[in-house]
Amino acid sequence: MPDSRHILGIEGTAWNLSAAVFGDDQVIALHSSPYRPPSGGIHPREAAQHHAGEMKAVISEVLTDPSAIKAVAFSQGPGLGPPCLRTVATAARAIAVSLGGVPPLIGGVNHCVAHVEIGRWACGCDDPIVLYASGANTQVLGYLGSRYRIFGETLDIGMGNGLDKFARSKGGMTHPGGPQIEALAREGGTPISLPYTVKGGMDLAFSGGVVSAAQEAQASLEDVCAGLQETAFSMCVEVTERALAHSGKDEVLLVGGVGANGRLQEMLRTMCAERGATFYVPERRFIGDNGAMIAYTGALMLAAGQTLPPLAESAVNPGYRSDEVMVAGGIAVPMRPMPWLM
Ligand code: ATP
Ligand code: FE2
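Numbers in my numbering are just positions in the sequence shown, counted from 1, shifted up by 127.
The structure is reproduced here in structure tokens:
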């Protein structure tokens, strides 16, 4: 019999304050209030102020039946410094307490692992190599021995932050730059060539390409955008393909905000077709930061009895890495929710 009680999940590690209710294997409600800086990039304190101001409206939109909530989940990290994380954690604690009784507080939702889990759920894939490409993070992950192992990752900036930085350098483009670069690149004729940096076969670095692209003065903006995309995406596809070959897995899952990019999706789909692997990308609302990923991962953790007993243990963790999280049960077993440990 399905469990009809629900999990409230709150996400606000960076640009998007978003809440969702998950239950009965469905996203019952999802509502977001994105923070858009008037100029420049995202300032953590200003984003936190935005989240605090919007919290009541966002939560009220999804929390239509508080009596149905059996647990409250929030993303503990990684994130844009303590201000954003604390704002969300404080709201989650307050809601858990105010719901009376002891609806468990599920802290410890790792933002990166939540991107992966909602992607697996939304796409119905089991044991993928994951390209997690977002603003602050770029990692190639795969499940191995109770953890999502990081096979390769950026050694400097996340790919999305690199795209946003380039966009800011050109003026006229507001944050986030990724979608505008994609639109311009589509108009581009000849992508310019830029530094291609894959280190040790598995790790990536984006800042050299971003700086060169920003300094390019001859080529059209469209050609520079196309060059930036082709170079950065080819690097990611190369590392993803190598992880696929080494791990023997046959699925690729793309998650994280940059995953919305049609060209990146096309390049991964082509690589997968050539290797006989299946490519998956979730629907748009589950690609970038969203509350559903926190509510759903909270549901997995609750099913594994992984709650935070005292509120005191719900401290935020800005440097929380995906491979610190123990998961068990084997995602190779096509079974959800995956039993979580820890
Ligand atoms: P994380 O904490 O996981 O790093 P995040 O805070 O960066 O997450 P996401 O929503 O995962 O948030 O990713 C946002 C990034 O995605 C931004 O850098 C943005 O420019 C980029 N992005 C969004 N859409 C596109 C697109 N169509 N093409 C390229 N990049 C995109
Ligand atoms: Fe994210």
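Backbone N, C-alpha and C define an ideal beta-carbon position, used for all residues, glycine too.
Span separating the alpha-carbon of residue i from that of residue j
i, j, result
"residue 291", "residue 227", "43 Å"
"residue 410", "residue 249", "7 Å"
"residue 289", "residue 141", "16 Å"
"residue 299", "residue 318", "21 Å"
"residue 162", "residue 169", "8 Å"
"residue 286", "residue 400", "24 Å"
"residue 180", "residue 398", "44 Å"
"residue 189", "residue 325", "43 Å"
"residue 360", "residue 294", "17 Å"
"residue 391", "residue 306", "12 Å"
"residue 404", "residue 304", "31 Å"
"residue 458", "residue 421", "Model confidence at residue 458 stands at a pLDDT of 31, short of 50, so the residue's coordinates are unreliable and nothing is read from them."
"residue 452", "residue 281", "19 Å"
"residue 244", "residue 431", "15 Å"
"residue 376", "residue 225", "45 Å"
"residue 106", "residue 344", "A question about residue 106 goes unanswered here, because the residues of the chain that appear run from 128 up to 469."
"residue 197", "residue 186", "15 Å"
"residue 429", "residue 341", "46 Å"
"residue 378", "residue 366", "14 Å"
"residue 419", "residue 172", "24 Å"
"residue 182", "residue 396", "38 Å"
"residue 297", "residue 310", "15 Å"
"residue 195", "residue 133", "6 Å"
Among the options, nearest to residue i - alpha-carbon criterion
i, options, result
"residue 413", "146, 174, 445", "146"
"residue 138", "336, 394, 274, 157", "157"
"residue 323", "135, 338, 310, 311", "338"
"residue 308", "316, 267, 144, 353", "353"
"residue 200", "192, 179, 218, 343", "218"
"residue 406", "423, 431, 371", "371"
"residue 193", "332, 136, 259", "136"
"residue 209", "394, 159, 176", "176"
"residue 357", "382, 375, 393", "393"
"residue 278", "330, 165, 343", "330"
"residue 150", "449, 424, 442", "424"
"residue 263", "450, 426, 416, 443", "416"
"residue 364", "315, 260, 223, 419", "260"
"residue 408", "388, 332, 233, 182", "388"
"residue 71", "165, 191, 164", "Missing from the structure shown is residue 71; the chain here goes from 128 to 469 and no further."
"residue 301", "395, 167, 426, 444", "167"
"residue 255", "185, 382, 220", "382"
"residue 315", "347, 327, 340, 183", "347"
"residue 328", "351, 296, 373", "373"
"residue 332", "362, 133, 310", "362"
"residue 223", "133, 232, 216", "232"
"residue 444", "152, 296, 215", "215"
Distance between beta carbons of residue j and residue i, contact taken as under 8 Å
i, j, result
"residue 334", "residue 283", "5 Å"
"residue 355", "residue 336", "6 Å"
"residue 269", "residue 257", "7 Å"
"residue 236", "residue 275", "Not a contact, Cβ separation roughly 14 Å."
"residue 251", "residue 380", "Incorrect: roughly 11 Å between the Cβ atoms, too far for contact."
"residue 368", "residue 312", "Contact flag wrong, Cβ pair sits at about 22 Å."
"residue 447", "residue 266", "Contact doesn't hold; Cβ gap of about 13 Å is too wide."
"residue 178", "residue 144", "4 Å"
"residue 238", "residue 205", "6 Å"
"residue 211", "residue 174", "5 Å"
Residue i, DSSP secondary structure in three states
i, result
"residue 380", "strand"
"residue 301", "coil"
"residue 423", "helix"
"residue 128", "Because the pLDDT of residue 128 is 41, which lies under 50, any placement of that residue in the model is unreliable, and the question is left without a value."
"residue 397", "helix"
"residue 312", "helix"
"residue 201", "strand"
"residue 413", "helix"
"residue 330", "strand"
"residue 249", "helix"
"residue 391", "helix"
"residue 140", "coil"
"residue 429", "helix"
"residue 145", "strand"
"residue 262", "coil"
"residue 446", "coil"
"residue 466", "Only weak support is given to the placement of residue 466: the predicted model assigns it a pLDDT of 35, under 50, and the value that follows is read from those uncertain coordinates. It is coil, neither helix nor strand."
"residue 150", "strand"
"residue 134", "strand"
Minimum Cβ-Cβ distance from residue i to chain C less than 7 Å
i, result
"residue 316", "This model lacks chain C altogether; it includes just one protein chain."
Give the list of continuous beta strand (DSSP E) stretches no shorter than 3 residues that lie fully inside the region 266 to 298.
274 to 280
Taking the runs of the beta strand (DSSP E) that are 3 residues or longer, which of them lie wholly in the region 204 to 242?
232 to 237
Any chance you could list the beta strand (DSSP E) runs of at least 3 consecutive residues sitting entirely within the region 153 to 195, in chain order?
153 to 161
What beta strand (DSSP E) runs, 3 residues minimum, are completely inside the region 336 to 387?
378 to 382
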